[in-house]
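K.L.:
Below is a structure I'd like to ask you about.
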Amino acid sequence: MKKHELKLLTAFVDGELPSSMQNEVNELLQNSAEAREFLRLLKQDALMIRNQVPMECSYKLTQKILNNIKVRPLSRIAHLNKRDDLMMKPWFSLVAVAAILAVTTFVSFYAVNAFLAMQENEQGKGQLARSFNQNVENDKNAQADNLESIAKAEQIAMQEKQNLLPVSPEQNKENDKFANMRPPVGKKNKSADIASKGKELLAAPANETFNLIKVDAPLPWVLRKKDVDGEVTGRVLSKVISHDARLKIELSCKDNAAAFAQLKMNLNKMGYFVYSDVSTLMRLKNKNDKSPVNYMIYLENANVNDLAQLLGQEKPALAKDVAKVTSTGSFWVALVVSKLSSNDRKTMKSVLGFEPTEQGGSSLNTISKPANDSNEPAKGSSLQSLKKNKSPALAVSFTATQNLVNSAEVKQYLETVKSSNQSGIKVLVVLRTEN
Amino acid sequence: MNSLDDHTLIRLVLEGNTSAFDVIVRRYNTKVYSLAYRLLNSVEDAEDVAQDTFSQAFKGLGSFRGTSKFYTWLFRITYNLAISQRRKRKPALSLNSQTDSQGEITLPSDDASPMKNMEDEEGKTLMDKALGLLSLDHRAGLVLKEIEGFSYEEIALSLGVPVGTVRSRLHRARLELRAILEKLDKERADL
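Protein sequence lines correspond, in order, to chains A and B. Residues in the first sequence are numbered consecutively from 1026, following our numbering. Residues in the second sequence are numbered consecutively from 3, following our numbering.
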């Protein structure tokens, strides 16, 4: 007989034959006398095992077992048993070792930090500045220069304080120079800590002199006009914009109305169709209107180059187009790029009546169907086709009491956005007047 | 209390009612002792194993999760203790059977007669010997299957092995047992 057939027969005797093999066994038994004989013997063996004399547990043995158990108080045994079980588990040992290592690491880390901090405190400001430069710039030559400058600045400052040295105008200028080169002592530890994390990003230390420092945080990102000579290139922007596809850019401006006009003009030049409400346009035309107004621009489908172009400081080609553009051509002083937060979304919702969704376009929350809006101004076919070919942008002003919820411009903008591709960056530009 | 099921009794024991464990002992002492005896072929060893089985079960009752049947858990303790006991002592080749006779051995037949009874006894002796010559794993599988009437799954739980292993072990055990019985039959015929 084949091995497979033997297996079938033993499984059959065990009563564990799968139903799918039942027919196979039946066929085997019908066709093979050898199989029938083997099955008979297997059944006979099974019967002989079952017929064995049952082994009875004697009364004496039962009492022995019971007495053996009664001498052990259960609660104590259970308690010990639980502890033994816990101690015997492999994960318990691993967790215990991990916990000990973690505690040791923490204690060592703080002990070393405390020790270093004590040493640094003892060394004084000059050495603090040196260690700062070592950590941040990793440039030993620059460090030596800075140390010398710092020492000199400190000496001069000390002398000035004690009125031991008359200060000439030339010395004054030199002092300022040295003071600017000196890193901010109060910010040293924080900046050094951030810099030590080693991830790339640009940020400005809290000092008048702008230094490019590598810090950990991806956003917000701060850039000052004077540090980049008024030019924001796509290369610089792409470093931060790659972190998120929904951004807020806050522009700190000398005059937010003028900056708004400049941005609007830039958008027109870039080929955007800018939607602005009537009151915004009126405000731009009225030079004498100095009432506090907020401005925002919202783009749904921007890219890095668009933003670089938008934030560029190019002067307007025609001064009459933009009444309030400043004569210097620099419409912003500093800009902060950050992720579009939930608060920003709420603000957008309260001012514009919609907010950017996580995916795709914007969600219209409070606005009814734009097609039914009777306030929508009639547009000619040429204007419609012009709008279709251009990317839409929303440039509006608002106050604490005035918003654009349900305004025709917002509805038109959203209609245009719906039909356009939404794969780009969503950017909210907020303009603030610097105090 | 005798009518309560195993899990209820265990809960009572864990709550402090140790007399509930007496019921468990009386319910399973014969089965445990019988299994121990079939595995070890020694009354003395079987008694030791039976005592230790209930003692360990009582001690470790808190670790019984209740996901399987209590008796499979109990038999697993018995099986493990039997293995330990067997390691302590050299394996006994001869059975501690009720008779040491090497006389006439006949297989059971359908005849109901005094001769049949005698033949049955001889058959049992033959089977005792044959089982004693099997390995402990094979013997345990056959005993649990034929005497306790366990399914493959219950045997797997009792022996702590996968169901597939039980299936192949039982297959080999039956073939091995058949071969031993044929050999013993042949020896008897030669006499």
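All residues carry an ideal CB built from backbone N, CA and C; glycine is no exception. Please read these numbers as outputs of a predicted model, since none were measured by experiment.
Could you check the C-alpha separation between Arg89/B and Asn82/B for me, to the nearest Å?
P.N.:
One C-alpha to the other measures close to 11 Å.
K.L.:
Examine chain B for any beta-carbon lying closer than 7 Å to the beta-carbon of Ser1044/A, and answer yes or no.
P.N.:
False, the Cβ-Cβ gap to chain B never drops below 7 Å.
K.L.:
Tell me, please, whether the segment 163–174 of chain B touches the segment 60–67 of chain B by the rule of three or more beta-carbon pairs shorter than 8 Å.
P.N.:
Not touching, per the Cβ criterion.
K.L.:
For the beta strand (DSSP E) that contains Phe66/B, what are its first and last residues?
P.N.:
Per DSSP, Phe66/B belongs to no beta strand (DSSP E) and is neither H nor E.
K.L.:
Please confirm if His9/B has its CB atom under 7 Å from at least one CB of chain A.
P.N.:
Chain A, which has no Cβ nearer than 7 Å to the Cβ of His9/B, makes this no.
K.L.:
Using a Cβ-Cβ cutoff of less than 8 Å, which residues in the same chain neighbour Ser1352/A once the five nearest sequence positions on both sides are dropped?
P.N.:
Residue placement at Ser1352/A cannot be trusted, given a pLDDT of 38 that sits under 50; what the coordinates show is reported in the next sentence. The answer is none, since no qualifying residue turns up.
K.L.:
Considering Ala175/B, what are the terminal residues of the alpha helix (DSSP H) in which it resides?
P.N.:
Segment Val165 to Asp192, the alpha helix (DSSP H) holding Ala175/B.
K.L.:
Would you identify the three-state DSSP class for Arg40/B, choosing helix, strand or coil?
P.N.:
DSSP places Arg40/B in helix when its eight states are reduced to three.
K.L.:
What ranges does the beta strand (DSSP E) occupy inside the segment 1277–1338 of chain A, keeping only unbroken runs of at least 3 residues that lie completely in it?
P.N.:
Whole beta strand (DSSP E) segments, 3+ residues: 1297–1300 and 1319–1327.
K.L.:
Under three-state DSSP, which class holds Lys1415/A?
P.N.:
Three-state result, Lys1415/A: coil.
K.L.:
What's the C-alpha gap between Leu183/B and Ser170/B?
P.N.:
In a straight line, the C-alpha of Leu183/B is about 20 Å away from that of Ser170/B.
K.L.:
Counting C-beta neighbours from all protein chains within 10 Å, is the total for Trp1357/A 16 or more, i.e. buried, or is it exposed?
P.N.:
Trp1357/A should be labelled buried.
K.L.:
Could you have a look at Phe1379/A and say whether DSSP puts it in helix, strand or coil?
P.N.:
Three-state result, Phe1379/A: strand.
K.L.:
Where Leu1419/A and Lys1315/A are concerned, what is the direct C-alpha to C-alpha distance, given to the nearest angstrom?
P.N.:
Approximately 22 Å between the Cα atoms of the pair.
K.L.:
Measuring only between beta-carbons, confirm whether Met1080/A sits less than 7 Å from chain B.
P.N.:
Answer yes: the Cβ-Cβ gap between Met1080/A and chain B drops below 7 Å somewhere.
K.L.:
In chain order, what residues of the segment 140–151 of chain B put their CB closer than 7 Å to some CB of chain A?
P.N.:
Under the 7 Å Cβ criterion, the segment 140–151 of chain B contributes Leu144, Lys147, Glu148 and Ile149.
K.L.:
Using the C-alpha atoms, what's the distance from Tyr1438/A back to Val1318/A?
P.N.:
Distance between the alpha carbons of Val1318/A and Tyr1438/A: 22 Å.
K.L.:
Can you give me the Cβ contacts of Glu1030/A inside the same chain, cut-off strictly under 7 Å, excluding the 5 residues immediately before and after it?
P.N.:
The answer, listed in chain order, is Leu1053 and Ala1060.
K.L.:
For Val1455/A, name the three-state secondary structure that DSSP assigns.
P.N.:
Reduced to three states, the DSSP call for Val1455/A is strand.
K.L.:
What's the call for Gly134/B, buried or exposed, on a 16-neighbour Cβ count within 10 Å?
P.N.:
With 16 or more Cβ atoms within 10 Å of its Cβ, Gly134/B is classed as buried.
K.L.:
With 7 Å as the threshold, decide whether the Cβ of Met1073/A is near any Cβ in chain B.
P.N.:
Yes - at least one Cβ of chain B is within 7 Å of the one on Met1073/A.
K.L.:
Among Ala48/B, Arg78/B and Glu49/B, whose alpha-carbon lies nearest the alpha-carbon of Gly62/B?
P.N.:
Checked all of Ala48/B, Arg78/B and Glu49/B; the closest Cα to Gly62/B is Arg78/B.
K.L.:
Using a Cβ-Cβ cutoff of less than 7 Å, which residues in the same chain neighbour Ser1044/A once the five nearest sequence positions on both sides are dropped?
P.N.:
Cβ neighbours of Ser1044/A beyond the five flanking positions: none.
K.L.:
Taking CB distances under 7 Å as the criterion, tell me whether Tyr154/B reaches chain A.
P.N.:
Judged by the 7 Å Cβ criterion, Tyr154/B is in contact with chain A.
K.L.:
Please list the terminal residues of the continuous beta strand (DSSP E) segment that includes Ser1363/A.
P.N.:
Counting along the chain, the beta strand (DSSP E) containing Ser1363/A begins and ends at Ala1359 to Lys1364.
K.L.:
Using 7 Å as the threshold, is the C-beta distance between Leu144/B and Asp1039/A below it?
P.N.:
Going by C-beta atoms, Leu144/B is not nearer than 7 Å to Asp1039/A.
K.L.:
Considering only C-alpha positions, which residue in the set Tyr1084/A, Lys1312/A, Val1455/A and Leu1119/A is nearest to Leu1276/A?
P.N.:
The candidate whose alpha carbon is nearest that of Leu1276/A is Val1455/A.
K.L.:
In whole angstroms, what separates the C-alpha of Leu1336/A from that of Leu1288/A?
P.N.:
Each residue's Cα considered, the two are about 7 Å apart.
K.L.:
In this structure, how does DSSP classify Arg1271/A when only helix, strand and coil are distinguished?
P.N.:
Of the three classes helix, strand and coil, the one that applies to Arg1271/A here is strand, per DSSP.
K.L.:
Start and end of the alpha helix (DSSP H) containing Leu76/B?
P.N.:
Phe72 to Lys90 is the extent of the alpha helix (DSSP H) around Leu76/B.
K.L.:
With a threshold of 7 Å on Cβ separation, who are the neighbours of Ala94/B within its own chain once the five nearest residues in sequence on each side are excluded?
P.N.:
With a pLDDT of only 48 at Ala94/B, under 50, the local geometry of the prediction cannot be trusted, and no value is derived from it.
K.L.:
State the start and end residues of the unbroken alpha helix (DSSP H) segment that holds Asp47/B.
P.N.:
Asp47/B -> alpha helix (DSSP H) spans Val45 to Lys61.
K.L.:
Could you tell me the alpha carbon to alpha carbon distance between His9/B and Ile26/B, rounded to whole angstroms?
P.N.:
Distance between the alpha carbons of His9/B and Ile26/B: 10 Å.
K.L.:
Note down the Cα distance separating Asn1326/A from Ala1270/A, rounded to an integer number of angstroms.
P.N.:
Rounded to the nearest angstrom, the two C-alpha atoms are 10 Å apart.
K.L.:
Any idea if Val51/B is buried or exposed, counting beta-carbon neighbours within 10 angstroms, 16 or more meaning buried?
P.N.:
Result: buried.
K.L.:
What residues in the segment 30–59 of chain B bring their beta carbon closer than 8 Å to a beta carbon of chain A?
P.N.:
Hits within the stretch, in order: Asn31, Thr32, Val34, Tyr35, Ser36, Tyr39, Arg40, Ala48, Glu49, Ala52, Gln53, Phe56 and Ser57.
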